[in-house]
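In my numbering, the protein residues as written are 793 to 1049. Using N, Cα and C, we set each Cβ at its ideal position, and we do this for glycine too. Note that the structure is a prediction, hence the values are computed from the model and not measured. Step one of this worksheet: look at the structure below.
Right under this line is the structure:
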């Protein structure tokens, strides 16, 4: 058995596609680099097949966040960009392939996240995830294998640094009221009112339905309070928060070419 984690530097800034891919797309340097990623994935599949392990290998392709701005890809029809808690900043594709194990051509709208990868891979390989410290991810193999369509979690929390900004449960997403909304870059935004969206019908988060759905708002606010109790919020430590780890004796290394 083997495990390969391959985090492409592409398409992060600076945009430097290989010379064989410059001008290969209609999307400028960004599009050219996407073409190169596609090629590199093809090379991986060739190697897997050449080794005769294609049907015994799970391949999972995803991203860490949405694109940063217009010249570096598009998040449409989602609102927002990298560094924000709008769907365009957080929601990304996840493509999974395992011949004979993952139904080809299938799709799922279940709410999953990269935290789910550890417990999922552990379950597939016959391992177990330690209960202490608590792992927030869920085993989503029943979803990937087509045996379940249910959301693996009751609620998902959108944090910007230490600030809880939104909660999702099912198709409902609630932005909590904020006196000042933090941003990844630049000064915080001003005061923000409570806003509720139905992502199944309004994926761009345009139509605030909070006034028409007080029961849904109340339910999501209860989830928000649970998150604050466990994970914290601005100026409020959570009971489940773990202190950052530190290396007791640092041993720096310099890399040279």
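Per DSSP, residue 1045 lies in no alpha helix (DSSP H) and is assigned neither H nor E.
Look at residue 959 here: in three-state DSSP terms it is strand. Linking residue 957 to residue 847 through their CA atoms gives a straight-line distance of about 42 Å.
A residue is called buried once 16 or more other Cβ atoms fall within 10 Å of its Cβ, and residue 800, having fewer, is exposed. Within the same chain, Cβ atoms closer than 8 Å to the Cβ of residue 825 are found at 802, 803, 807, 808, 809, 813, the five residues on either side in sequence being excluded.
The DSSP-derived three-state label of residue 796 is coil. Under the criterion of beta carbons closer than 8 Å, residue 1031 and residue 1022 qualify as touching, at roughly 6 Å. Fully contained in the stretch 867-924 are the following alpha helix (DSSP H) runs of length 4 or more, in chain order: 879-882, 909-916.
By the neighbour-count definition (other C-beta atoms within 10 Å, threshold 16), residue 930 is a buried residue. Rounded to the nearest whole angstrom, the C-alpha separation of residue 867 and residue 921 is 34 Å. Counting of Cβ neighbours within 10 angstroms places residue 887 among the exposed residues, the total staying below 16. Residue 829 and residue 1016 have their C-alpha atoms spaced approximately 38 Å apart. Counting the other CB atoms within 10 Å of its CB gives residue 858 a total of 16 or more, which places it among the buried residues.
A straight-line Cα-Cα distance of about 18 Å links residue 1002 and residue 947.
At the C-beta level, residue 968 and residue 988 stay beyond 7 Å of one another.
By the Cβ-count criterion, residue 950 is buried, with 16 or more other Cβ atoms from all chains shown falling within 10 Å of its own Cβ. Under DSSP, the beta-bridge partners assigned to residue 1028 are 1025.
Taking the Cα positions, residue 901 is about 25 Å away from residue 861. In this structure, DSSP gives residue 952 an extended state, which the three-state scheme calls strand.
Minimum Cα-Cα distance from residue 844 among the listed residues 891, 927, 960 corresponds to 891.
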